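Protein chains in written order, with this note's numbering: chain A, 1 to 380; chain B, 1001 to 1248; chain C, 2001 to 2173; chain D, 3001 to 3448.
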Amino acid sequence: MPDARTSAFPNVETSILGADEIIINMGPQHPSTHGVLRVKLKLDGERVTGSECIIGYLHRGVEKIAEHRTYQQFAPYVDRMDYVAAVSNGLGYCEAVEKLLNVEAPLRARVIRTILTELQRIASHLLWLGTHALDIGALTPLFYCFREREEILKILEKYCGARLTTHAFRIGGLQYEAYDTLEHDVERFCKDFASKIEEYGTLLTENRIWLGRTKGIGVLSAKDAIDMGASGPVLRASGVKWDIRKAAPYAAYDQYKFEIPVGKNGDTYDRYVVRMEEMRQSRLICLQAIENIPTGPIMAKVGKVLKPPPGEVYHAIEAPKGELGYYLVSDGTVQPYRVRIRPPSFVNLQAFDKMVRGHMVADVVAIIGTLDIVLGEVDR
Amino acid sequence: MADDPQEKQPPKPPASETPAVSTPQGEPKPPVATVPPKTVAPAAAPPPSSSGPASPTKPAAPATGAPAKPAAPPPPKPPAVAPVPLDNELVKRYRTRFADGLRAAWEDRKQAILVVERGRLEEIAKFTRDDEKFDFLSDLTAVDWPKRERRFDVVLNLYSFAHNTRLRLKVHAGENESVPSVSGVWSTANWLEREVYDMFGIRFEGHPNLTRILMPEEWQGHPLRKDYDILTQDTAWVRENLGIESGQ
Amino acid sequence: MLDKALFYFFGSLAIVSAILVVTRRSAVHSAIFLITALLATAGIFLQLHAEFLFIVQIILYAGGIMVLFVFVIMLVNLDVMLHQVRFTRQKWVALVLAVSLGSFAAFWIYRSGHGVALKSVLNIPAAPTTRLEPNTEMISQGLFHDYILPFELASILLLVAMIGAVVMAKKKV
Amino acid sequence: MHGFIEFFRPHVLPLIYALVIVAVLPLLAGYIVLVERKVMADMQARLGPMRVGPHGLLQPIADALKLLIKEDIIPEMADQWIFWIAPLISVTAAMLSMAALAFGPAFQVARDINVGILFVVGVSALGIFGIVLGGWASNSHYSLLGALRSAAQLVSYETAAGMALVSGLLLARTLSIRGIVEMQHAQGVWFVFLTPIAFFIYLVASIAETNRAPFDLPEAESELVAGYMTEFSGFRWSLYFLAEYANMVVVASVATTLFLGGWLRPFPNVAWLWPLDHVPALLMLLIAGYCFIRIPKQPVRIQQQFIAVVGLLCLLVAAVLAAPLFVGPARPFMAAIHGGFWFMAKVFFYIYIFMWLRFTLPRYRFDQLMKLGWHFLIPVSVVNVMGLGLALALHWEKQWGLAPALSLTTAATLAVALWLLWAQRERDRSDMEAQEERRSQGSTVHAR
């Protein structure tokens, strides 16, 4: 029997030199797949000719659980989906149920909700920037980003006691009154964040190697982006100027002036620029919001037991990753009949195969990073 | 200190949502500032001729309970907003184009819902995307009503960049009836339909690769069905593999 | 005394690894033994105080050519070669050749010991114990002054060969 | 017996030096790792290892101990024999090339080997075998890809480094290491000022050659897990690690010898800069002072004692460094002791540049790395050699001043470099456009 060892590699179907492709598995425990995502890559030499994402490793059946919980009981589950931006998940769910009940949170609650959601957006983008730069090899930005993110998590912890899975909002408004130094903390954070974001810029934006690794990588044209259902920074970087905070203002977004950054040619560099600009805009929103947080009640007239009249509603908000939609169907009882969550990461990840073709293995890592996916939300 | 909706007006003009002025059920006041998405149908008020709660030919559909308001909610609660039959240009265009293709149309919480015929879904989808400019398929999902004879609702949530409005298409499908796939019209439907198949078992004709996406390949049963009972599966598995009676 | 010991060490190392090169089943093993053989000869060059030759031997053979050998061995899939039956028929031919060559060499070694006429030709002077003056300059003197023309010709020839190889190996991108 | 001693007399000193190198190198590599982690932490607004010993000073020993105790796994299908010898080849190649280096006028293992630099370059080139065979022997797809990539990278950047050295040697007109430093001493100027481009090219090429910083593709964590080192663990892995850092020291010392004037004090011949001789002793005094100040701040008593000992050690070294200046009889050892200090200072400065680049720059992709090597570095280094040859010829034959000739050729080489960069950018832009319309007319492929 020929010596097994010299029969090159049992798991390689054909010789490396041969022209036909080899299949490489990345993940599910790969350091740069942002969670349990397994990617099967078909390689011709170094070029990727095809890919298939195998997901479902983190599927906890959130939608099934929802059918056996009351509306209030289900709210904490929502934080566990996109665990990097738990506050905005909560906002989406609470506003959807309020729409179902045809109730509206008072203005003070809506303003505080807007502030906390925008802070969470900055925190989510900071985590994205740190890990994305780390995947491409820049070790330092990660620590700078996490230093700022720590400040935001402190504010969230002071407000609702938790840093990551916050369950900060209640259906109908807020559970806790804003702690007295909230305005001061947010102002201090926004003041020094301006210089910090320029600091990241100096490290990366004009960096020749960074440009080399991101310009022209993972290009997604506007038509393809819309057809693929991409949303959020991925869609805006392809040149489509659409942000739910402007198109269909919710919470208190209609009271503040902010720009929507748009990219030109939808490559990894444009998504980087769009997200950096979004962080600056979120900072402006927070500054405008804390100028005058209106006084008044923080909870609408919503009874202990919520029995929304039968019917259905679809409510979408602009989460850091994209359009986060809730489709609630109520049958008049205390428990929702059907809760469907439209996860932006799941839909954006679908565009991965189109973006990765023709690139090298090193770019696959950059493209997974630029899609900013969180597997908790992809698998639900 | 009940929050009195009338006098408290937010500083900005009603472009932002003002609490819906509560009127008895039936014809809502025309200039009602709608909830976030601007009124779906360009026409402001629904036709005055709405003959009260008599429900049009719409089948039992979602309001399985009596179309009339459910048992009187506790007095302070705001009024329930029951689905209201909808008839505006959009619905007229659909009716002229597809006649019986459009089964029903109503508005629930100010969002337009069209129930269309299952067989002609692909054709209607193309029309919706090309002529009505609903070029963004936000979500494709399903709802299981086991008590109805055609138990599944396949729900498409659409959004139009041109009109900045949302629309919801619904299709009723029976136990083993298959639904035409719309992944040809919007590519995003590819994974969404795979997930619906995985969770509900609804087959989509014309889908390039209809396999499970979240659950493992060899998984039996479809989790999100109402009659999907994990307990019986678990005891069966325990009995079969471990040879003992599961304690649950 | 150290010189003798070193010489015999390098000599035996070279012979043993040369034999191993031929007899090993796995190609990578034989490549490694080939490298040790080359390094052993480099050691002998050093003993003769021919430093430039020593370092050229290392850079050129071990550092350059052998790297290519190992590259090729790793890239080419060797399963096919292993299945072929090894050259059974050539056994006899090899024996005849070996015997004739062996006798030929033995004859001349014997003759050089005794024969008078051929002493001048085969008279291998003993290794010079005195220090050679630095020979790097001498070699460069020879290479770039006395034989400049053949040197240029050879480099052009190599250049053509390289370009040819690149053109042939260029994938139809 | 007498013959035996007689016979060994000339070899005693080199043997001692060799022992010192083999013993000190792992320790040096360990402390370079500690310095690297501390510098990295400092750049990333954090503290770095602080737990083992005061300020983490004992961390390298702890790491070494951990690696020794760690289980040494050999993959089942791996080629046992090659798996065992591959790390050895790497380490021996790195250590062997230290033999020819002169750490001070006296401290050199291979006394006056007249092929000096060539020996170092040649032997360190053997390190490739360690990497390639390591990748092959661990019989896993990832490590083979990593091994092939790093071998290709080493080979292509060795050409650039070789040409950069050639331009340095043109100035030195000799290969032997002592000769080069003496030439710089004679001319009174370091070669880095005469051929700055060659130094820059050698800096970039040496970073690539030791698989570090922007070029650390072979073991880029995010792609091929750990490249050729994936299957190695425990002591075997630490041999590769030691080889990498030893290579770094070798490359740094070659650069110091050839471009930064070996063991020469900065401005060796300038008389009025005599206080520079006192700098080493003063520096050591400073460090000792800092250690003594930090004593009360140490949390544990044992750490206080340890930092006191470190302070004393620094004082001792300061005394040794100051001795030749003041104490009469020690005067002849002046060059040897100070030479060693200056040499090590320059080597550490060179390695600091490595670290500095590692924590600021992201990583190159493999094709960009090759493109930089072949399309830019090698052509520029060849042009630099030709330019330098021309300048020296003019200087010797036509008696031009050295400065104008050299500045002329440096300017010419810079012009060529800029032209190459511009051509490269044009080529990239046209590639981008080609990729663009190839992508646009491609039909929307269904994602599987």
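Each residue gets a CB set at the ideal place from its N, CA and C atoms; glycine is no exception. The structure presented is a predicted model; accordingly, all values stated were derived computationally and were not measured.
Residue-level contact to chain D via CB, residue i, 8 Å cutoff
| i | result |
| --- | --- |
| A/Trp128 | no |
| A/Ile136 | yes |
| A/Ile367 | no |
| C/Glu2051 | yes |
| A/Arg380 | no |
| A/Ile209 | yes |
| A/Glu278 | no |
| C/Ala2106 | no |
| A/Thr131 | no |
| C/Gly2063 | yes |
Range of the contiguous alpha helix (DSSP H) that encloses residue i
| i | result |
| --- | --- |
| A/Glu187 | Leu182 to Leu204 |
| A/Cys355 | The residue you asked about is not Cys; residue 355 of chain A is Met in the sequence shown. Segment Phe352 to Val356, the alpha helix (DSSP H) holding A/Met355. |
| A/Glu148 | Thr140 to Cys160 |
| B/Trp1191 | Ala1189 to Phe1200 |
| D/Gly3262 | Neither: D/Gly3262 is in no alpha helix (DSSP H) and is coded neither H nor E. |
| A/Thr165 | Looking at the DSSP string, A/Thr165 is not in any alpha helix (DSSP H), and its letter there is neither H nor E. |
| C/Thr2041 | Ala2027 to Gln2047 |
| A/Leu63 | Correcting the residue identity first, residue 63 of chain A is Glu in this sequence and not Leu. Run containing A/Glu63: Val62 to Ala66, per the alpha helix (DSSP H) assignment. |
| A/Met26 | From DSSP, A/Met26 is part of no alpha helix (DSSP H) but of the beta strand (DSSP E) over Ile22 to Met26. |
Neighbour flag for residue i against chain A, beta carbons, 8 Å
| i | result |
| --- | --- |
| B/Val1116 | no |
| B/Phe1161 | yes |
| B/Ser1187 | yes |
| D/Gln3368 | yes |
| B/Pro1078 | Per-residue confidence for B/Pro1078 stands at a pLDDT of 47, beneath the threshold of 50, marking its modelled position as unreliable; the derived number appears in the next sentence. By this cut-off, B/Pro1078 is an interface position. |
| B/Val1155 | yes |
| D/Leu3316 | no |
Opposing strand residues paired with residue i [DSSP bridges]
| i | result |
| --- | --- |
| A/Lys304 | None, per the DSSP bridge assignment. |
| A/Ile317 | A/Leu324 |
| D/Gln3108 | D/Ala3102 |
| B/Val1154 | B/Ala1142 and B/Val1171 |
| B/Tyr1159 | B/Phe1136 and B/Arg1166 |
| B/Ala1112 | B/Glu1107 |
| A/Tyr173 | Per the sequence presented here, residue 173 of chain A reads as Gly, with Tyr not at that position. Its beta-bridge partners are A/Arg170 and A/Met299. |
Contact with chain C by residue i, beta-carbon distance below 8 Å
| i | result |
| --- | --- |
| D/Gly3122 | yes |
| D/Trp3136 | yes |
| D/Ala3029 | no |
| D/Asn3114 | yes |
| D/Phe3083 | no |
Where the beta strand (DSSP E) containing residue i begins and where it ends
| i | result |
| --- | --- |
| D/Val3270 | No beta strand (DSSP E) holds D/Val3270; DSSP gives it neither H nor E. |
| B/Ala1104 | Leu1102 to Asp1108 |
| A/Thr49 | Arg47 to Ile54 |
CB-CB length for residue i against residue j, believed under 8 Å
| i | j | result |
| --- | --- | --- |
| A/Arg340 | B/Thr1141 | 4 Å |
| A/Ser231 | A/Glu118 | Contact flag wrong, Cβ pair sits at about 18 Å. |
| D/Leu3133 | D/Ile3089 | 7 Å |
| B/Trp1106 | B/Leu1121 | Contact flag wrong, Cβ pair sits at about 19 Å. |
| D/Phe3107 | D/Gly3262 | About 11 Å; that fails the 8 Å criterion. |
| D/Ala3198 | D/Ser3167 | 4 Å |
| A/Val103 | A/Gly172 | 6 Å |
| D/Ile3117 | D/Leu3165 | 6 Å |
Interface flag, residue i vs chain B, CB-CB below 8 Å
| i | result |
| --- | --- |
| A/His68 | no |
| A/Gly27 | no |
Proximity test, Cβ basis, 8 Å: residue i and chain E
| i | result |
| --- | --- |
| D/Val3091 | Going by chain labels, chain E is absent from the structure shown, which instead holds the protein chains A, B, C and D. |
Would you list, in sequence order, the uninterrupted alpha helix (DSSP H) runs of no fewer than 4 residues that lie entirely inside the segment 3276-3344 of chain D? Fully enclosed alpha helix (DSSP H) runs of 4 or longer: 3279-3294 and 3301-3326.
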